[in-house]
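Following: one structure in structure tokens, then a few remarks.
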Ligand SMILES: Nc1ncnc2c1ncn2[C@@H]1O[C@H](COP(=O)(O)OP(=O)(O)OP(=O)(O)O)[C@@H](O)[C@H]1O
Ligand SMILES: [Mg+2]
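Next up, the structure:
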């Protein structure tokens with residue numbers, strides 16, 4: 002199979018949404034922001050990056066301080082001044098889970114009084130913080146909203162850290178199931194029917210559940226949970242409808258996933274599983290980004306020979322190269338040893354890369370940068386590699 | 024510092040947390056190995072179940088029943104349904120026969136929705152084993168818990184308190200009393216945070232330590248800095264390296280040793296730069312965190328498994344001594 006896109010440029014030119022996913026620590030946020038920055042240069046248009054939990058320095062370099070929940074235009078003048086053809090705009094927004102949930106409640110609650118009852122509930126905060134995949138859901142929700150606004154030509158999304166990347170994908174469906182679910186009915190039934198008499202009307206099937214739950218948690222707590230969900234359930238229609246739309250948007254041909262990984266066993270295994278699952282669901286996978294890779298010269302046969310020679314005859318070679326300096330031999334052994342060390346890791350990476358299933362997507366390596374990615378220069382550095390070094394695996 | 028470290032294995036519960044991917048599980052496994060070397064019988068519990076903790080001992084996956092994966096080290100993977108069953112049976116005296124599933128699903132639902140319930144089941148099971156040790160009924164000497172990643176660990180360790188605030192009667196509340204007691208006893212419990220000398224892991228470490236202090240009473244142990252790159256040169260030698268790296272030095276090396284010298288020099292330059300940017304983050308860590316730090320080297324190995332676990336246990340041994 003041949004990749005349906007030969008470069009990141011062509012992928013970005015035909016999609017409206019790019020979702021970056023992968024396991025924690027691989028550099029999703031930096032890659033997402035660099036893709037967005039690169040898109041403004043190479044494709045143009047108004048590009049928005051939705052970031053989740055960026056490093057503090059990067060956030061402030063992007064001007065995403067306190068008011069991160071509202072999209073802001075980033076001044077990229079310094080980066081593209083040498084490129085007069087560039088006419089794109091870069092926008093960025095940070096995902097604020099709590100604020101987004103509050104907005105959602107205000108929007109979906111049948112009336113203001115119910116909305117405030119929900120927002121004031123003392124369970125609400127903990128629930129939205131931990132609700133069935135609440136971060137994942139809210140990220141999707143926010144994406145949908147920003148896409149609907151029609152302000153942006155391209156939206157690049159950084160996904161929240163999840164134990165399993167699929168959680169993110171399943172979030173809208175789970176949210177809908179949650180609201181439709183029997184469990185929620187069981188939990189709220191006695192309170193819906195009302196008063197003591199209601200308790201007797203509980204379906205037979207839910208009886209053991211009640212007995213155990215009641216014994217475990219006490220009825221006051223159960224009552225409190227139920228009351229909360231009863232209010233929450235008034236938002237049922239809005240939520241279900243919305244989550245169906247969100248789900249449709251993700252599967253849409255205008256959306257593509259970019260899977261980010263490092264060349265290490267477990268992130269890569271997860272990335273491959275995720276890619277396979279996405280394909281199975283008919284979702285488009287546009288590219289795989291291999292981040293923080295070691296440079297190719299570490300696999301250089303001449304380099305290996307030199308390292309070996311330096312270790313074997315450091316004294317002799319030192320007297321030729323820097324006669325009279327007693328430090329040189331030691332330095333030569335050190336750099337030779339270090340080369341061999343890093344070469345082991347580079348060889349491991351190369352092997353993992355060769356073992357990647359020959360899928361049809363574009364695979365791009367981004368080298369490890371010694372300095373942190375903490376400003377536009379750093380993002381620019383990554384985007385040079387993203388947009389110039391594309392190769393089809 | 025020495026006091027802390029000397030007694031680390033005399034505790035009964037060592038919790039290991041950290042940002043995802045920093046080497047939490049590997050470090051938890053090496054701690055277990057080291058404790059076993061010192062004659063302890065260790066229960067190593069995987070809580071954030073990816074189910075691959077046994078890999079560190081090159082052993083097949085292990086489930087809810089502890090399996091001795093290495094002499095003195097038994098691994099188990101927590102599972103909500105099973106811990107719920109055990110919890111109800113042991114603590115609440117509610118026997119459950121046959122199919123638990125619909126009920127477990129129902130409870131799992133309450134557990135996901137209600138703050139602290141799921142966590143209490145997890146931490147409850149771990150603490151139950153700790154209590155058995157404290158009361159002299161256990162085959163183990165020490166429980167090591169490969170806990171939730173730093174984003175979630177405060178909720179996990181603070182679960183007993185959250186439950187106490189919400190549930191005012193019943194056996195669950197009663198259970199929280201002894202749990203809180205064990206968790207907050209510095210002679211019994213220590214939470215250790217694994218990090219790497221990189222920007223985000225260090226920021227998350229500083230953050231989680233502050234939150235643990237503010238929101239829980241759990242005693243903190245040490246910060247374990249993993250994947251520390253070696254310092255290549257002394258300042259004195261670095262000058263000699265710099266001159267080798269000058270155009271004239273590079274040419275001379277190419278002439279006398281071969282064209283591959285460039286790759287070797289560039290690799291050394293990269294190693295120095297990587298080490299330097301990481302050293303800055305180590306500085307931030309030391310400035311912002313007042314816990315003892317243990318340093319573990321970046322291992323340049325061909326593969327991972329028992330050998331890496333052993334090497335890191337050796338390194339831990341040296342750091343603790
Ligand atoms: N000191 C080290 N030097 C080199 N590699 C290491 C070191 N410590 C851990 N690793 C490797 O890093 C990878 C991640 O380690 P590990 O699975 O322990 O991380 P984790 O923090 O438990 O991750 P997760 O968040 O996925 O549970 C593994 O391949 C491991 O072998
Ligand atoms: Mg782990």
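Chains as they are written, first to last, in our numbering: chain A, 2 to 394; chain B, 24 to 344. Glycine included, every Cβ here is placed at the ideal spot set by N, Cα and C. From a predicted model like this one, the values you see are computed outputs, not experimental measurements.
Nearest to residue i (by Cα), restricted to the options the options
{"i": "residue 235 of chain B", "options": "B:226, B:100 and B:180", "result": "B:180"}
{"i": "residue 15 of chain A", "options": "A:287, A:42 and A:265", "result": "A:287"}
{"i": "residue 69 of chain B", "options": "B:59, B:39 and B:56", "result": "B:39"}
{"i": "residue 319 of chain A", "options": "B:306, B:182, B:266 and B:337", "result": "B:266"}
{"i": "residue 297 of chain A", "options": "B:168, B:30, B:285 and B:65", "result": "B:285"}
{"i": "residue 212 of chain B", "options": "B:231, B:342, B:184 and B:245", "result": "B:245"}
{"i": "residue 329 of chain A", "options": "B:302, B:307 and B:273", "result": "B:273"}
{"i": "residue 121 of chain A", "options": "A:76, A:228 and A:151", "result": "A:228"}
{"i": "residue 304 of chain B", "options": "B:223, B:239 and B:344", "result": "B:223"}
{"i": "residue 259 of chain B", "options": "A:251, A:327, A:265 and A:299", "result": "A:327"}
{"i": "residue 349 of chain A", "options": "A:266, A:119 and A:333", "result": "A:266"}
{"i": "residue 255 of chain A", "options": "A:284, A:232, A:64 and A:244", "result": "A:284"}
{"i": "residue 50 of chain A", "options": "A:18, A:43, A:23 and A:78", "result": "A:18"}
{"i": "residue 354 of chain A", "options": "A:62, A:294 and A:156", "result": "A:294"}
{"i": "residue 396 of chain A", "options": "A:77, A:117 and A:357", "result": "Here chain A has residues from 2 to 394 only, and residue 396 of chain A is not among them."}
{"i": "residue 221 of chain A", "options": "B:279, B:196 and B:312", "result": "B:196"}
{"i": "residue 160 of chain A", "options": "A:11, A:32 and A:365", "result": "A:32"}
{"i": "residue 102 of chain A", "options": "A:55, A:268, A:280 and A:236", "result": "A:236"}
{"i": "residue 173 of chain B", "options": "B:102, B:86 and B:217", "result": "B:217"}
Contact under 8 Å by Cβ, residue i with residue j
{"i": "residue 251 of chain B", "j": "residue 209 of chain B", "result": "no"}
{"i": "residue 335 of chain B", "j": "residue 49 of chain B", "result": "yes"}
{"i": "residue 138 of chain A", "j": "residue 162 of chain A", "result": "no"}
{"i": "residue 183 of chain B", "j": "residue 202 of chain B", "result": "yes"}
{"i": "residue 105 of chain B", "j": "residue 227 of chain B", "result": "no"}
{"i": "residue 143 of chain A", "j": "residue 96 of chain A", "result": "yes"}
{"i": "residue 177 of chain B", "j": "residue 238 of chain B", "result": "yes"}
{"i": "residue 177 of chain A", "j": "residue 240 of chain A", "result": "yes"}
{"i": "residue 312 of chain B", "j": "residue 229 of chain B", "result": "yes"}
DSSP state of residue i mapped onto helix, strand, coil
{"i": "residue 258 of chain A", "result": "strand"}
{"i": "residue 349 of chain B", "result": "As shown, chain B starts at 24 and ends at 344. That puts residue 349 of chain B outside it, with no answer to give."}
{"i": "residue 218 of chain B", "result": "strand"}
{"i": "residue 141 of chain A", "result": "helix"}
{"i": "residue 325 of chain B", "result": "coil"}
{"i": "residue 221 of chain A", "result": "helix"}
{"i": "residue 194 of chain B", "result": "helix"}
{"i": "residue 391 of chain A", "result": "The predicted model places residue 391 of chain A with a pLDDT of 44, which falls under 50 and marks its position as unreliable; any figure quoted below should be read in that light. It is coil, neither helix nor strand."}
{"i": "residue 83 of chain B", "result": "coil"}
{"i": "residue 293 of chain A", "result": "strand"}
{"i": "residue 71 of chain A", "result": "coil"}
{"i": "residue 333 of chain A", "result": "helix"}
{"i": "residue 3 of chain A", "result": "Only weak support exists for where residue 3 of chain A lies, its pLDDT of 44 falling under 50; the value from the coordinates is given anyway. Three-state DSSP puts residue 3 of chain A in coil, outside helix and strand."}
{"i": "residue 276 of chain A", "result": "helix"}
{"i": "residue 254 of chain B", "result": "coil"}
{"i": "residue 80 of chain A", "result": "Below a pLDDT of 50, predicted positions are generally treated as unreliable, and residue 80 of chain A, at 49, falls in that range; the measurement from the model is reported next regardless. Helix."}
{"i": "residue 324 of chain A", "result": "coil"}
Residue i beta carbon near ligand 4 (any heavy atom closer than 7 Å)
{"i": "residue 42 of chain B", "result": "Absent from the structure shown: ligand 4. Ligands present: ligand 1 and ligand 2."}
Opposing strand residues paired with residue i [DSSP bridges]
{"i": "residue 159 of chain A", "result": "A:21"}
{"i": "residue 96 of chain B", "result": "B:65 and B:93"}
{"i": "residue 95 of chain A", "result": "A:52"}
{"i": "residue 247 of chain B", "result": "B:217 and B:317"}
{"i": "residue 288 of chain A", "result": "A:259 and A:363"}
{"i": "residue 169 of chain B", "result": "B:39 and B:69"}
{"i": "residue 47 of chain A", "result": "A:90"}
Counting only Cβ-Cβ distances shorter than 8 Å, please list the residues of the region 270–299 of chain B near chain A, keeping chain order. 272, 275, 276, 279, 280, 281, 282, 283, 284, 285, 286, 287, 288, 289, 290, 291, 293, 294, 296, 297 and 299
Taking only beta carbons into account, state which residues of the region 313–325 of chain B come closer than 8 Å to chain A, listed in chain order. 323, 324 and 325
Listed in chain order, which residues of the region 333–350 of chain A have Cβ atoms closer than 7 Å to some Cβ of chain B? 335, 336, 337, 339, 340, 342, 343, 345, 346 and 349
What residues in the region 213–242 of chain B have a beta carbon less than 7 Å from any beta carbon of chain A? 222, 223 and 226
Contacting positions in the region 186–212 of chain B - beta carbon closer than 8 Å to chain A: 189, 190, 191, 192, 193, 194, 195 and 196
By the 9 Å beta-carbon criterion, what residues does the region 32–55 of chain B contribute toward chain A? 42, 43, 44 and 45
Report the residues of the region 239–264 of chain B with a CB closer than 7 Å to any CB of chain A, ordered along the chain. 255, 256, 259, 260, 263 and 264
Give, in chain order, every residue of the region 269–290 of chain A whose Cβ lies closer than 7 Å to some Cβ of chain B. none
In chain order, what residues of the region 173–186 of chain B put their CB closer than 8 Å to some CB of chain A? 174, 178 and 185
Below 7 Å between beta carbons is the criterion; list the residues of the region 221–236 of chain A that meet it against any residue of chain B, in chain order. 221, 222 and 226
Short of 8 Å Cβ to Cβ, which residues in the region 313–330 of chain A face chain B? 318, 321, 322, 323, 326, 328 and 329
What residues from the region 151–168 of chain B come within 7 Å of chain A, judged by C-beta to C-beta, listed N to C? none
Under 7 Å (Cβ pairs) to chain B, residues found in the region 39–57 of chain A: 56 and 57
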